[in-house]
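First to last, the sequence lines map onto chains A and B. Mapping of the first sequence onto our numbering: residues 6 to 225, in sequence order. Mapping of the second sequence onto our numbering: residues 6 to 225, in sequence order. Beta carbons: idealized from backbone N, C-alpha and C, even for Gly. Taking it in order: structure first as structure tokens, then the write-up.
Protein chains: 2
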Amino acid sequence: MASKAVVVLSGGQDSTTCLYWALDRFGDDHVEALTFDYGQRHRIELECAGKVAQHAGVAHTTLPIDTFSALGGNSLTDTGIPVEEASGNSLPNTFVPGRNLVFLTFAAAFAWQRGIADLVTGVAQTDYSGYPDCRRDTLDELEQTLRLGMERAFTIHTPLMNLSKKETVEMARGLGALDAMALTHTCYNGQRPPCGECPACQLRAKGFLEAGVADPLALL
Amino acid sequence: MASKAVVVLSGGQDSTTCLYWALDRFGDDHVEALTFDYGQRHRIELECAGKVAQHAGVAHTTLPIDTFSALGGNSLTDTGIPVEEASGNSLPNTFVPGRNLVFLTFAAAFAWQRGIADLVTGVAQTDYSGYPDCRRDTLDELEQTLRLGMERAFTIHTPLMNLSKKETVEMARGLGALDAMALTHTCYNGQRPPCGECPACQLRAKGFLEAGVADPLALL
């Protein structure tokens, strides 16, 4: 039996690129997409994830996580807290402690039930965010934790881990994923077409510019 | 500042013993109890956890986790699936993949927000269940994952890890936790007074019998 993979799909540029990476690596009919509805303030992300999965022709499941909203205290789920950037050595207030650990643990549980051992996530330690649960050393530990904790030889694939945004755009182009980019969501202000001003929009624009590729989302 | 601890409190015998262990170790006013409402079929557990925390005089928070019910496929949240014991080398159908990993990751996130680094859980690898995410080697890896992923020097305390049920009862007696035992819930069939027949009831009865202690719950 050929191995199958579960891709954590947020509906953004990076996870969409990873979905196409997985289709290329594991083959059609061997990839499933998993999205988490964790109370993100921009509900449009969930809609985008569904459209991307449909465009790619993969099965798509959305799992709810109501715990982060109950924990509170971060700008990604608390609409009363404005998004701020990190200052100095402190973490940005978009940091939800353990968010990526929880996503991958639930992705592993989902995969476990389906006999799947390969997990794919679009996190990148070159990203500006500096989230410690997106670094490869953390995910190496998590991989080992999941292997022991569920008795399955999970692999956490992070194809974008060491890529710049420019290189991610180049990868998407090479995988034929540019059409799907028009369906993705990036803007931290939740706007569509994107605001073009927030750090997420600016980072995305820089990547496409440096890769010499027109962003299909910017052409909307 | 004296260190503080978060105790994962299910409302059962083991986690209640751990709550008193933490009060002894960290001191009054330095312990918080955290309970997860993950859709457990026996809602009485949540009520018991609240009563135990109140009896012990500690702050108590219940966090929801709706994801396991959405994942489905196990007898702890699916009321359509009867509880069965493990057969041979297979895991019992009460196994929820990653449940304890998720509990401790959310407990760490909760602790992180409060400046707390000590987590306490009542899991025991001597338990009959054989859940792989309750073993110390798994929790050693998880501890390292949480340290890296949230940039805090978490310690996962497992005071019951290598104790028999008899020794756990003896510990509870030594900590003055026997009164609280009347408030706990153990029965897999959700009955109160307990059914006395299910594996959980029988294991509990055996522990009290061997320790030569009358179970206050059995006297109800």
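Quick one: measure Cβ to Cβ for residue i and residue j, integer angstroms, because I've assumed they're closer than 8 Å.
{"i": "residue 212 (chain B)", "j": "residue 173 (chain B)", "result": "6 Å"}
{"i": "residue 9 (chain B)", "j": "residue 35 (chain B)", "result": "5 Å"}
{"i": "residue 106 (chain B)", "j": "residue 115 (chain A)", "result": "In fact, because the Cβ distance is near 13 Å, the residues do not count as touching under 8 Å."}
{"i": "residue 19 (chain A)", "j": "residue 127 (chain A)", "result": "3 Å"}
{"i": "residue 112 (chain B)", "j": "residue 39 (chain B)", "result": "6 Å"}
{"i": "residue 171 (chain B)", "j": "residue 202 (chain B)", "result": "Contact doesn't hold; Cβ gap of about 21 Å is too wide."}
Which residues does DSSP pair with residue i in a beta bridge?
{"i": "residue 70 (chain A)", "result": "Paired residues: none, contrary to the question."}
{"i": "residue 162 (chain A)", "result": "A:125"}
{"i": "residue 215 (chain B)", "result": "Per DSSP, none; premise fails for residue 215 (chain B)."}
{"i": "residue 12 (chain B)", "result": "B:38, B:125"}
{"i": "residue 227 (chain B)", "result": "The question about residue 227 (chain B) has no answer here: the residues shown for chain B are numbered 6 through 225."}
{"i": "residue 64 (chain A)", "result": "A:37"}
Select from the options the residue whose C-alpha is nearest the C-alpha of residue i.
{"i": "residue 22 (chain A)", "options": "A:125, A:77, A:75", "result": "A:125"}
{"i": "residue 108 (chain A)", "options": "A:68, A:29, A:52, A:207", "result": "A:68"}
{"i": "residue 42 (chain B)", "options": "A:200, A:72, A:193", "result": "A:72"}
{"i": "residue 188 (chain A)", "options": "A:171, A:53, A:24", "result": "A:53"}
{"i": "residue 186 (chain B)", "options": "B:104, B:61, B:163", "result": "B:61"}
{"i": "residue 131 (chain A)", "options": "A:190, A:192, A:166", "result": "A:166"}
{"i": "residue 145 (chain B)", "options": "B:162, B:156, B:157", "result": "B:162"}
{"i": "residue 198 (chain B)", "options": "B:49, B:37, B:143, B:19", "result": "B:49"}
{"i": "residue 159 (chain B)", "options": "B:177, B:137, B:122, B:140", "result": "B:122"}
{"i": "residue 156 (chain B)", "options": "B:170, B:183, B:120, B:171", "result": "B:120"}
{"i": "residue 153 (chain A)", "options": "B:137, B:33, B:204", "result": "B:137"}
{"i": "residue 70 (chain B)", "options": "B:104, B:37, B:59", "result": "B:104"}
{"i": "residue 207 (chain B)", "options": "B:218, B:74, B:191, B:65", "result": "B:191"}
{"i": "residue 65 (chain B)", "options": "B:110, B:16, B:101, B:102", "result": "B:16"}
{"i": "residue 27 (chain B)", "options": "B:58, B:110, B:193", "result": "B:58"}
{"i": "residue 217 (chain B)", "options": "B:13, B:175, B:37, B:45", "result": "B:175"}
{"i": "residue 101 (chain B)", "options": "B:205, B:118, B:74", "result": "B:74"}
{"i": "residue 13 (chain B)", "options": "B:164, B:143, B:149", "result": "B:164"}
{"i": "residue 169 (chain B)", "options": "B:219, B:110, B:210", "result": "B:210"}
{"i": "residue 205 (chain A)", "options": "A:184, A:215, A:193", "result": "A:193"}
{"i": "residue 143 (chain A)", "options": "B:139, B:141, B:63, B:149", "result": "B:149"}
{"i": "residue 196 (chain A)", "options": "A:177, A:31, A:223", "result": "A:223"}
{"i": "residue 183 (chain B)", "options": "B:139, B:11, B:55, B:221", "result": "B:221"}
{"i": "residue 25 (chain B)", "options": "B:181, B:171, B:203", "result": "B:181"}
{"i": "residue 78 (chain A)", "options": "B:110, B:44, B:117, B:202", "result": "B:117"}
{"i": "residue 110 (chain B)", "options": "A:141, A:151, A:140", "result": "A:151"}
{"i": "residue 11 (chain A)", "options": "A:63, A:56, A:141", "result": "A:63"}
{"i": "residue 37 (chain B)", "options": "B:55, B:45, B:44", "result": "B:55"}
{"i": "residue 219 (chain B)", "options": "B:177, B:140, B:29", "result": "B:177"}
Start-end ranges of the alpha helix (DSSP H) lying completely within the region 171 to 205 of chain A, minimum 4 residues: 183 to 186
Positions along the region 160 to 182 of chain A whose CB lies within less than 9 Å of some CB in chain B: none
Near-chain A residues of the region 108 to 131 of chain B - C-beta to any C-beta below 8 Å: 110, 111, 113, 114, 115, 117, 118
Chain A contacts made by the region 49 to 76 of chain B, where a contact means CB separation under 7 Å: Within the region 49 to 76 of chain B, 68, 69, 70, 71, 72, 75, 76 place their CB atoms closer than 7 Å to a CB of chain A, listed in sequence order.
Contact list for the region 20 to 46 of chain B against chain A, Cβ threshold 7 Å: none
Interfacial residues, the region 144 to 161 of chain A to chain B, with Cβ spacing under 7 Å: 146, 147, 149, 150, 153, 154, 155, 156
Residues of the region 204 to 222 of chain B whose Cβ lies closer than 7 Å to any Cβ of chain A, in chain order: none
Members of the region 185 to 204 of chain B near chain A, C-beta cut-off 8 Å: none
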